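Residue numbers (the numbering used here), protein chains in the order written: chain A, 1 to 437; chain B, 1 to 437.
In what follows, a structure is listed as structure tokens, so that the remarks can point back to it.
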């Protein structure tokens, strides 16, 4: 009977992440918070500990090889999707403000995060310190967008700068991660690391050219027929590049997946391919990813020292982003109010921070005991951002058209699909009833 | 590096099943043949054996725990989808002809298949013999539909009868499987088996009522907002019922998934939910399922005796379906020509036969060495059906409107989605360029 338990685990994960997400949305919080909380609650940390102390048996969801593999696939698909949403032309259009904000917003948290580690663990390895810094660098695009969308402030000058900065921020964070994973792999040999990164860039360009030519040729000869092959080919590209990044170039697999996503965004049928991954992500892989992170947390290992570290990490993560990004915005000539809005909008952390931390854990660069503090930091950052943003944007609304509107498309599409299906069913029922007459 | 090989395996599976499917479609064969062949070719049976004899190392895709778990999930999703496509009202409308054809088309192959086993292995356990019979019972709906669609004969009297019979056939085949798995589980206790089946039916009715009320309530209060929760809830229902069927009622998990699908087909938003599983199936789970079956075949174990068995199995599978269904059609008053058409249309075997065989293997009721013959039988049946059907339907075309047209809807939808995305992107680009002016 044991062998069928994965079915029940998946069922509980799907139900609980969805229900917790709905609850956190009702509470005006990003849904990520709910999804993470679901894993924490049904995992060994809460339900496991509770049932053990009350009934003497551990009755909870447990981490399993299948779940962690699916979670890995989940990360790859999340990063692949993020890559597909990164439109290079839009980034160029939104100018240097976004880039400067992103750059200072990466460098300040990186430095402060590493500094914090040296403070708490003097003599820690440099790669470990930088890794904790890297965890603090990545703003969560999805959380920022969702918050701004709810506030109706996506198209203000601040909103557009936040969006552009968050996208560039992801790429900078990944470059960080690339360099660090390259360095942590073997004895530090910077020349070799940069050779490998250069090789990877060449590989991306070549794969991009091959895929682009193939898609252009296929698009011309097939048009809108046999559409299923495109998402399949896209996914195969993603898996291949993730594998190659890791095994051939010694770079994180998620960076390969992200690069594959950017290639697809530039190819014909890119939008169609992107629309298909939405489903596979929210229907299976993303819930498993979030829940799995919660499952791997064990609360009892939190010492007083670690609690202090958690508190310091939260403070540093908020201040470094707010200060770093605000500074960048000020340097670009935005006023004080706008700089505060932008800084506050970038405080959100999410998937990418978790992914980086997870990567560090896997590479034995981050100690397992730090996962608890990091998750708590992410949850607190995602909880406070919408609250402070709401206040910061009070009264600011504009109707300018910008990159923000792209994100509204995919939401609409779902609704249209549904009404179309309804209409087709009615027509079908009608025709059938006539043919019976 | 080993730990990242699953990415490459998945990439090869996606690419090869797709390319082989396209090739088999070009050759006027059902795509299932190609998908199966891909696993056979890249697995130990062909590529593994070839590389070993030429280079001394086995260089091929290998079965792995992750792949087989994903394949299991794949079967569950395939059966869940089949359940969602089974519309009880349509079945009732197409009358008793479909039912009689399905019934004789199940009983004759069941008897002849079991007889064949007794002939080749005198003294074989009764459950094993019946299991081989059960493998022969299930006509593949998808293959039949695809063949008839290509021929443009879906709406003839014969075409409609075939479709109805194929759907009922699936259900009868599953009832067979339910009884057999129930019997094989422990010492045969028919009363207990029927009690469990009765319990399961009650469970399905209760789950159906709960889910239906929930969906009706949610549909009324939410309308077309927050659509994502429905597919998630549907999948959770499927996983829960699959788990419960197996662990609580001792019935195959796939029957639980099929029942969950039928419940969803009757609920509000059923069409929307069904449309979402298409993607997850063809993008990940179905290719892995087909390829995995091919991967598990090892040709060298085929003795002369087994080759003879293969030949006999092929002959029995064709004759028993053709004869059984033809007989049923004749009993319902159709003419000789129509009875032949119907019989021939039902010869196709596919997913369900494989699923039943796989189940038998897992339960140690079917010997591993019989998997090769069964796969060859399925491939041959799917290859000859379109060829003979083409001949049988020569000149028969009609424009009657029937249950057949439902299957064309989902194909259309993909194309519409794509052109809509294109249109929205153009509008977006246009608006953006204007706002920049």
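Don't be surprised by glycine CBs; every beta carbon is placed ideally from N, CA and C.
Source: prediction; values computed, not measured.
If you draw a straight line from the Cα of residue 373 of chain A to the Cα of residue 137 of chain A, it comes to about 16 Å.
The alpha carbon of residue 253 of chain B has as its nearest neighbour, out of B/26, B/14, B/74, B/227, the alpha carbon of B/74. Interface flag for residue 60 of chain B against chain A is unset, since no Cβ pair is found closer than 7 Å. Against chain B, the CB of residue 258 of chain A has no partner CB under 7 Å away; the residue lies outside that interface. With contacts defined by Cβ atoms closer than 7 Å, residue 295 of chain A and residue 39 of chain A form a contacting pair.
Taking a contact as a CB-CB distance under 8 Å, the pair residue 280 of chain A and residue 284 of chain B counts as one, their CB atoms being some 6 Å apart.
Interface criterion met: the Cβ of residue 246 of chain B is under 7 Å from a Cβ in chain A. Shown here for residue 368 of chain B: same chain residues with a beta carbon closer than 7 Å to its own, the five before and five after excluded, namely 361 in chain order. In the structure shown, residue 139 of chain B adopts extended strand secondary structure according to DSSP, grouped into three states. Taking all protein chains in view, the Cβ of residue 169 of chain A is crowded by 16 or more other Cβ atoms within 10 Å, so the residue is classified as buried. The C-beta distance from residue 236 of chain B to residue 14 of chain A rounds to 4 Å, short enough to meet the 8 Å contact threshold.
Counted as a single uninterrupted DSSP element, the stretch harbouring residue 28 of chain A is not any alpha helix (DSSP H), since DSSP gives it neither H nor E. Each residue's CA atom was taken as its position, placing residue 102 of chain A and residue 129 of chain A some 21 Å apart. In the DSSP assignment, residue 381 of chain B falls within the unbroken alpha helix (DSSP H) covering 371-392.
Here residue 229 of chain B carries a helix assignment [DSSP, helix/strand/coil]. Secondary structure note for residue 330 of chain A: its alpha helix (DSSP H) is the uninterrupted segment 304-331. At a cut-off of 7 Å, the C-beta of residue 243 of chain A has a neighbouring C-beta in chain B. The secondary-structure analysis by DSSP pairs residue 349 of chain A across a beta bridge with A/139.
Neighbours of residue 283 of chain A in chain B, taken as residues whose beta carbon is under 7 Å from its own, are 231, 232, 235, 276, 280 in chain order. When B/27, B/261, B/218 are compared, the shortest CA-CA separation from residue 383 of chain B is found for B/27. Residue 193 of chain B sits buried, since 16 or more C-beta atoms from the chains shown fall within 10 Å of its C-beta. Contact annotation, residue 24 of chain A with residue 33 of chain A: C-beta distance approximately 5 Å; criterion of less than 8 Å satisfied. Taking residue 340 of chain A as the centre and dropping the five residues before and after it, the same chain places the C-beta of 326, 392 closer than 7 Å to its C-beta, in chain order. The C-alpha of residue 58 of chain B lies about 37 Å from the C-alpha of residue 267 of chain A.
It is roughly 11 Å from the alpha-carbon of residue 7 of chain A to the alpha-carbon of residue 67 of chain A. Where residue 156 of chain A is concerned, there is no enclosing alpha helix (DSSP H), because DSSP gives it neither an H nor an E.
For residue 276 of chain B, the enclosing alpha helix (DSSP H) has its first and last residue at 270-280.
Residue 61 of chain B is a Cβ neighbour of residue 42 of chain B, given a cutoff of 7 Å. In its chain, beyond the 5 residues on either side, 249, 251 have a beta carbon closer than 6 Å to the beta carbon of residue 200 of chain B.
Identification of residues in the region 15-38 of chain B having a C-beta nearer than 8 Å to some C-beta of chain A yields 15, 18, 22, given in sequence order. Under the 7 Å criterion on CB atoms, residue 295 of chain A is classed as non-interfacial with respect to chain B.
In the DSSP annotation of this structure, residue 57 of chain A is not part of any alpha helix (DSSP H), being labelled neither H nor E. The beta-carbon of residue 153 of chain A is placed no less than 7 Å from the nearest beta-carbon of chain B. Within the region 40-79 of chain B, the complete alpha helix (DSSP H) segments at least 4 residues long are 49-55, listed from N- to C-terminus.
Interface flag for residue 228 of chain B against chain A is set, since a Cβ pair is found closer than 7 Å.
The shortest CA-to-CA distance from residue 317 of chain B to any of B/116, B/177, B/359, B/216 is the one to B/116.
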